[in-house]
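Chains as they are written, first to last, in UniProt numbering: chain A, 1 to 258; chain B, 1 to 258; chain C, 1 to 258; chain D, 1 to 258. To keep things clear, I will list the structure first and then write my remarks on it.
There are 4 protein chains.
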Amino acid sequence: MANSKYEYVKSFEVEDRLLPCTWVVVRIDGRSFHRFADVHGFEKPNDINALNLMNECAKAVMEDLTDIVFAYGVSDEYSFVIQKASNLYKRRSSKLVSVIVSLFAASYVFNWHTHFPDKKLQYPPAFDGRAVCYPDDSILRDYLSWRQVDCHINNQYNTCLWSLIKAGKSKDCANSELKGTRADFKNEMLFTQFGINYNELPQLFRKGSYIYRKKVQNSTANGTQISRKSSFVVTIDHGDIIGDTFWKEHPYILGAEE
Amino acid sequence: MANSKYEYVKSFEVEDRLLPCTWVVVRIDGRSFHRFADVHGFEKPNDINALNLMNECAKAVMEDLTDIVFAYGVSDEYSFVIQKASNLYKRRSSKLVSVIVSLFAASYVFNWHTHFPDKKLQYPPAFDGRAVCYPDDSILRDYLSWRQVDCHINNQYNTCLWSLIKAGKSKDCANSELKGTRADFKNEMLFTQFGINYNELPQLFRKGSYIYRKKVQNSTANGTQISRKSSFVVTIDHGDIIGDTFWKEHPYILGAEE
Amino acid sequence: MANSKYEYVKSFEVEDRLLPCTWVVVRIDGRSFHRFADVHGFEKPNDINALNLMNECAKAVMEDLTDIVFAYGVSDEYSFVIQKASNLYKRRSSKLVSVIVSLFAASYVFNWHTHFPDKKLQYPPAFDGRAVCYPDDSILRDYLSWRQVDCHINNQYNTCLWSLIKAGKSKDCANSELKGTRADFKNEMLFTQFGINYNELPQLFRKGSYIYRKKVQNSTANGTQISRKSSFVVTIDHGDIIGDTFWKEHPYILGAEE
Amino acid sequence: MANSKYEYVKSFEVEDRLLPCTWVVVRIDGRSFHRFADVHGFEKPNDINALNLMNECAKAVMEDLTDIVFAYGVSDEYSFVIQKASNLYKRRSSKLVSVIVSLFAASYVFNWHTHFPDKKLQYPPAFDGRAVCYPDDSILRDYLSWRQVDCHINNQYNTCLWSLIKAGKSKDCANSELKGTRADFKNEMLFTQFGINYNELPQLFRKGSYIYRKKVQNSTANGTQISRKSSFVVTIDHGDIIGDTFWKEHPYILGAEE
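This is the structure in structure tokens:
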């Protein structure tokens with residue numbers, strides 16, 4: 001075969017299989033999204049359309065790749081949790097990352113007009129991605145908590161920052177005013193100066209978004225017999241995922257492989 | 001800082017830095033593009049609009065990431081050559097692959113309507129990607145030759161296959177007829193049965209496409225003085241890249257880092 | 001500093017940190033030990049002195065590296081289990097493997113004369129080694145079971161093989177006679193032809209050796225008061241490690257890090 | 001086969017193949033050799049017997065593994081250069097490192113009494129090791145230069161340090177006196193205070209040791225005919241390997257694979 005003379009170059013490919021029986025998290029992040037947000041006039045500190053667009057793209061990824069059992073998103077980042085037992089793409093890191101990130105980016109452009117019907121997309125965005133293994137459920141939960149705590153800290157900070165800016169402060173000035181302040185000081189500032197009760201802001205902003213396959217019961221009546229089957233519906237929601245409540249109510253999410 | 005309790009999860013990220021001073025090739029491939037081509041009614045064996053769309057996306061990637069010195073594309077795949085000395089994203093494999101593949105995929109959707117003004121994109125495509133290191137110029141050249149030989153073999157085969165199918169054969173039947181045949185047999189078949197001189201088909205089909213930064217001389221007349229400067233223009237072309245001719249005419253492409 | 005011009009070469013070192021919070025098993029294997037055994041006239045199928053020498057070396061490794069919680073050895077191989085939470089050598093794979101394997105090999109030569117007082121060591125042996133991560137206790141137990149099942153299968157085979165050879169068969173002939181036979185056939189052959197009750201052979205041969213830190217109670221009488229403290233003593237033993245019994249009796253071995 | 005139930009654990013082994021067509025350097029380093037040198041009363045700053053023992057072990061490694069084309073040693077470290085085209089152990093990093101480091105360590109104990117006939121080895125030493133790829137000859141040469149410059153800097157410093165200590169200074173005091181001083185100051189100090197001409201010290205101390213396969217011509221007279229053949233003899237030498245001279249005189253060392 002004519003090809004064989006050059007085919008040795010394939011031997012330079014390095015295997016990048018991820019450790020079996022571990023949770024794989026693929027996290028993607030918008031590249032230069034500060035600029036992207038500016039160019040497209042995103043609302044500050046949170047643009048609800050931009051967040052909904054992110055959520056729709058993540059949902060599309062989950063609907064396509066059924067080994068993803070959970071996803072968590074905030075701002076311009078999204079984390080996808082692939083189940084421990086998955087052998088998708090033989091667990092090759094580059095395959096998993098590239099398929100997810102490209103599907104997400106393509107969906108972003110594809111769905112843009114639904115969320116921004118009056119705004120033209122100026123240029124195609126890019127995202128970076130990486131895959132990380134977590135050996136057990138509790139560490140995976142810590143990973144997700146890490147992202148949600150981050151969401152809270154950033155959102156509280158940005159809510160103050162943009163309140164100050166909208167009230168006339170320069171960005172530098174607003175930043176100095178906030179530097180080193182604690183959570184209770186910021187909440188107090190929002191309430192006293194701007195009449196904002198932080199805890200009443202939408203969960204979408206304060207907690208980010210998560211997506212999971214919700215178990216639903218389907219009852220079918222057939223004469224006098226009622227048969228019940230359960231199915232799973234990809235569902236977007238917002239709320240706390242640090243505490244145990246959510247996970248106890250949906251034990252099948254992490255337990256799926258057992 | 002409240003975050004610290006969970007931040008230990010960052011330690012599970014594994015470094016994936018590629019070996020310094022080696023050529024890095026990021027190759028991306030359409031995921032399930034057989035189906036994608038069917039759904040969108042791509043012309044067989046080659047859809048010129050689809051190929052031009054691929055080329056436009058690859059050009060956008062090269063214009064964005066200036067450390068890419070060369071790209072070669074065929075069918076639904078593209079290879080991007082990052083220069084040896086590059087320290088882009090600290091040579092982290094997942095960063096390089098994810099940014100390139102997501103930018104490419106987003107561009108594909110973004111530019112779709114230019115190349116298919118009358119066709120609606122049915123769903124966003126995905127691509128997989130990988131990064132491979134090649135330690136020296138001659139092995140890198142062998143890599144590119146490998147892809148171009150592959151292009152030739154596949155295109156010749158597909159040209160025969162689709163000629164037989166268009167002439168009424170079933171796909172299975174056409175495949176059996178071609179199985180195990182040699183290049184000269186196929187050329188003969190194309191000429192005798194279908195009046196096609198294979199070597200006169202467009203280079204775009206037979207050789208694929210390459211993109212490079214073409215050095216151009218700019219002369220500026222300023223009174224009696226003429227000053228010359230050279231600049232580089234991202235250029236798409238088609239032709240042989242296996243022989244030495246192209247590389248001798250453009251020595252600056254691979255020599256850029258020396 | 002004069003050194004700096006060349007120090008860039010350090011950047012070619014690739015990080016090889018093993019995933020945190022996973023059991024690390026470093027397995028070492030004698031290199032070309034068939035020849036080594038022949039040259040040194042090892043008893044077949046098992047040389048008790050050679051096995052004891054292996055055990056003493058493994059014990060020395062465990063006494064030196066206190067993050068190793070368990071070791072299992074058979075023939076010319078030994079597996080060392082490093083506890084999940086260990087950060088020894090920052091979990092760098094090459095460091096862990098190289099220190100263990102070199103300490104083992106050096107100990108082998110160092111302790112040779114104790115076990116073979118009348119035999120001169122003809123040349124220094126080498127061992128290869130590798131590190132593998134196991135994400136949870138049950139997979140780690142399966143790893144150890146894998147090695148012990150292997151020990152059993154090989155030992156039963158070799159006991160038959162060498163009985164036949166000692167009875168005058170050629171090696172090839174003995175191998176053909178055993179090819180494809182089942183466990184019960186082999187046991188029967190040993191009993192009927194050679195009067196060997198396989199299950200009464202020493203555990204050292206049938207089960208291999210394991211080493212662990214045995215918890216022992218130390219009572220000290222001080223007048224009328226008796227104070228008890230526990231300490232851990234590196235202990236070599238032989239027996240089943242596939243079933244739960246051993247692990248239930250010594251729950252602190254795998255639970256040590258919790 | 002009874003084994004199969006557990007054999008899945010093999011899938012947790014991760015491939016660690018080194019990039020083809022690159023120089024592989026395996027560097028090993030004595031573990032806690034400060035203590036080892038103290039316990040065994042090594043001469044300071046250089047113990048000629050200990051250095052010769054290191055060299056003999058490295059030579060044994062090279063004689064065993066013929067894909068090693070060069071080795072460079074200083075103090076308690078040694079670097080082994082495996083030729084670019086080598087496929088030894090399929091270029092698996094852990095195999096290469098473990099076999100080299102264990103053979104070296106075992107040889108150290110094996111050959112101890114030849115170099116220290118009157119000193120008992122108190123305990124077996126260990127070495128750590130790592131493998132690094134270098135894509136071309138000039139970077140490999142820079143690596144070797146890096147080690148030889150390091151040898152020079154350390155040796156000059158230690159020669160001063162131990163001269164001061166032997167003259168009655170405390171170690172701390174001697175270190176402070178040397179801190180931040182330049183090469184010419186140190187040479188001057190050695191000459192003025194201690195009558196030592198640094199450049200006349202043995203090359204073994206100042207330049208370290210290198211080992212290569214020296215090409216030698218063998219002439220055989222057969223009647224009136226003289227036939228010449230060349231063979232390669234593993235040879236230890238000392239001298240500069242930073243400049244071009246050595247490499248020009250022995251072009252076959254790095255060129256061996258072409």
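Ideal placement from N, C-alpha and C gives every residue a C-beta, glycine not left out.
Within chain B, partners of residue i - CB distance below 8 Å
{"i": "residue 17 of chain C", "result": "14, 15"}
{"i": "residue 128 of chain A", "result": "89, 94, 95, 98, 99, 102"}
Identity of the residues DSSP links to residue i by a beta bridge
{"i": "residue 129 of chain C", "result": "C/28"}
{"i": "residue 39 of chain B", "result": "According to DSSP, which records beta bridges pairwise, residue 39 of chain B is partnered with nothing at all."}
{"i": "residue 23 of chain A", "result": "A/134"}
{"i": "residue 233 of chain D", "result": "D/214"}
{"i": "residue 206 of chain B", "result": "In the DSSP output, where bridge partners are listed per residue, residue 206 of chain B has none listed."}
{"i": "residue 116 of chain B", "result": "Residue 116 of chain B is not bridged to any residue."}
{"i": "residue 225 of chain B", "result": "B/222"}
{"i": "residue 185 of chain C", "result": "Partner(s): none; residue 185 of chain C has no beta bridge."}
{"i": "residue 80 of chain D", "result": "D/26, D/71"}
Local conformation of residue i per DSSP, three classes
{"i": "residue 257 of chain B", "result": "For residue 257 of chain B, the predicted structure reports a pLDDT of 40, less than 50, and the residue's modelled location is therefore unreliable. The matter cannot be settled from this model."}
{"i": "residue 100 of chain D", "result": "helix"}
{"i": "residue 167 of chain B", "result": "coil"}
{"i": "residue 85 of chain A", "result": "coil"}
{"i": "residue 91 of chain A", "result": "helix"}
{"i": "residue 243 of chain D", "result": "coil"}
{"i": "residue 14 of chain D", "result": "coil"}
{"i": "residue 110 of chain D", "result": "helix"}
{"i": "residue 75 of chain C", "result": "coil"}
{"i": "residue 6 of chain D", "result": "helix"}
{"i": "residue 122 of chain D", "result": "coil"}
{"i": "residue 66 of chain A", "result": "coil"}
{"i": "residue 175 of chain A", "result": "helix"}
{"i": "residue 199 of chain A", "result": "helix"}
Within chain A, the residues that residue i reaches when beta carbons sit closer than 8 Å
{"i": "residue 11 of chain D", "result": "20"}
{"i": "residue 136 of chain C", "result": "21, 135, 136"}
Within chain D, the residues that residue i reaches when beta carbons sit closer than 7 Å
{"i": "residue 67 of chain B", "result": "Near residue 67 of chain B there are no residues of chain D at all, since even the closest Cβ is about 17 Å away, more than 7 Å."}
{"i": "residue 31 of chain C", "result": "99"}
Presumed contact (8 Å Cβ cut-off) between residue i and residue j, rounded CB distance
{"i": "residue 62 of chain A", "j": "residue 50 of chain A", "result": "Residue 62 of chain A to residue 50 of chain A, Cβ: 19 Å. No contact."}
{"i": "residue 105 of chain D", "j": "residue 126 of chain D", "result": "6 Å"}
{"i": "residue 97 of chain C", "j": "residue 98 of chain D", "result": "5 Å"}
{"i": "residue 235 of chain D", "j": "residue 196 of chain D", "result": "29 Å between Cβ atoms; not a contact."}
9 Å Cβ cut-off: residues of chain A touching residue i
{"i": "residue 133 of chain B", "result": "12, 14"}
Partners in chain D for residue i, counting only beta-carbon separations shorter than 9 Å
{"i": "residue 139 of chain B", "result": "20, 21"}
{"i": "residue 145 of chain C", "result": "5, 6, 9"}
Check: residue i C-beta below 7 Å from any heavy atom of the ligand GTP
{"i": "residue 252 of chain D", "result": "The model on display carries no ligand, and the ligand GTP is accordingly not part of it."}
Where residue i falls, given that 16 or more other Cβ within 10 Å makes a residue buried
{"i": "residue 152 of chain D", "result": "buried"}
{"i": "residue 113 of chain B", "result": "exposed"}
{"i": "residue 185 of chain A", "result": "exposed"}
{"i": "residue 257 of chain C", "result": "Confidence in residue 257 of chain C is poor, its pLDDT being 40 and thus under 50, which makes the residue's placement too unreliable to answer from."}
{"i": "residue 67 of chain A", "result": "buried"}
{"i": "residue 173 of chain A", "result": "exposed"}
{"i": "residue 222 of chain D", "result": "exposed"}
{"i": "residue 77 of chain C", "result": "buried"}
{"i": "residue 253 of chain A", "result": "buried"}
{"i": "residue 1 of chain C", "result": "For residue 1 of chain C, the predicted structure reports a pLDDT of 43, less than 50, and the residue's modelled location is therefore unreliable. A value from the coordinates is still provided. Classification of residue 1 of chain C: exposed, given that the 10 Å Cβ count is below 16."}
{"i": "residue 163 of chain A", "result": "buried"}
Short CB-CB distance (under 8 Å) between residue i and chain E
{"i": "residue 110 of chain C", "result": "Of the protein chains in this structure, namely A, B, C and D, none is chain E."}
Closer than 7 Å at the beta carbon, the chain B residues around residue i
{"i": "residue 142 of chain A", "result": "6, 9"}
Contacts that residue i makes with chain C (C-beta to C-beta distance below 7 Å)
{"i": "residue 262 of chain D", "result": "Residue coverage of chain D in this structure runs from 1 to 258, which leaves residue 262 of chain D outside it and unanswerable."}
Chain D residues whose Cβ lies nearer than 8 Å to that of residue i
{"i": "residue 121 of chain C", "result": "110"}
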